[in-house]
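A short write-up of the structure that comes next.
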Amino acid sequence: MPLSKFKNVSFDKSSNYEFHQLVESDALIKTFTFLSTIMKNLFDEYIYFIFAGGNPKIEPDSLYIHSNKKKVLLYISEESGIIPYNISQYYHAIFKAYLKTDTIDWNNIFNFPLCCVKNVPALSVLPMID
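When you read off a place in the sequence shown, starting at 1, and then add 7, the result is the number in our numbering.
Quick look at the structure:
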């Protein structure tokens, strides 16, 4: 199922990777499918951006996109744990992976759990030896 299924979800152009290269791509599509199901019409009141930024010095391109909809950023692939205070004013909400703390003294930055990766092989169960 491609990301293009969602008219209000896009992959940020400044990302370090292509969407199909992400090990989280399948889980992200499932996340948006679930959100659109439970939020119903409210889902369309937001515009979602996925930013796979491996370098904290690179800003998301979606920073400069103006919209009447509330902008939500899913910030993944940046593993240093920085809290993106400097861009928070441009988004209604930021969900960031690899934050070093569960409590952030900011009203629109939230911890985003790591997604399950695709192509994880199913292995047979090995018996435990006492």
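All residues carry an ideal CB built from backbone N, CA and C; glycine is no exception.
**OP:** Quickly, what does DSSP pair L81 with across the bridge? List them, please.
**Re:** The residue you call residue 81 lines up with position 74 of the sequence shown. Bridge partners of L81: I57, F102.
Subject >> Cβ neighbour criterion (16 or more within 10 Å) applied to S84 >> reply: Taking the sequence shown and counting its residues from 1, one reaches residue 84 at position 77. Label assigned to S84: buried.
Subject >> contact_flag[the stretch 60–69, the stretch 37–46] where n(CB pairs < 8 Å) is 3 or more >> reply: no
**OP:** List the endpoints of the continuous alpha helix (DSSP H) containing I116.
**Re:** Here residue 116 corresponds to residue number 109 of the sequence shown, with the count starting at 1. No alpha helix (DSSP H) holds I116; the beta strand (DSSP E) holding it covers 116–118.
Subject >> Backbone CA spacing between S131 and Y97 [nearest angstrom] >> reply: Residue numbering aside, residue 131 sits at position 124 when the sequence shown is read from its first letter. Residue numbering aside, residue 97 sits at position 90 when the sequence shown is read from its first letter. Between S131 and Y97, the C-alpha separation is close to 47 Å.
Original post:
In whole angstroms, what separates the C-alpha of I94 from that of G61?
Top reply: On the sequence shown, position 87 is the one that residue 94 refers to. On the sequence shown, position 54 is the one that residue 61 refers to. Distance between the alpha carbons of I94 and G61: 16 Å.
Original post:
According to DSSP, is S138 helix, strand or coil?
Top reply: Outside the modelled stretch of the chain, which goes from 8 to 137, sits residue 138, for which no answer is possible.
Original post:
Buried or exposed: which applies to K14, given that a residue is buried once 16 or more other Cβ atoms fall within 10 Å of its Cβ?
Top reply: Locating residue 14 in the sequence shown gives position 7, counting from the first residue. Label assigned to K14: exposed.
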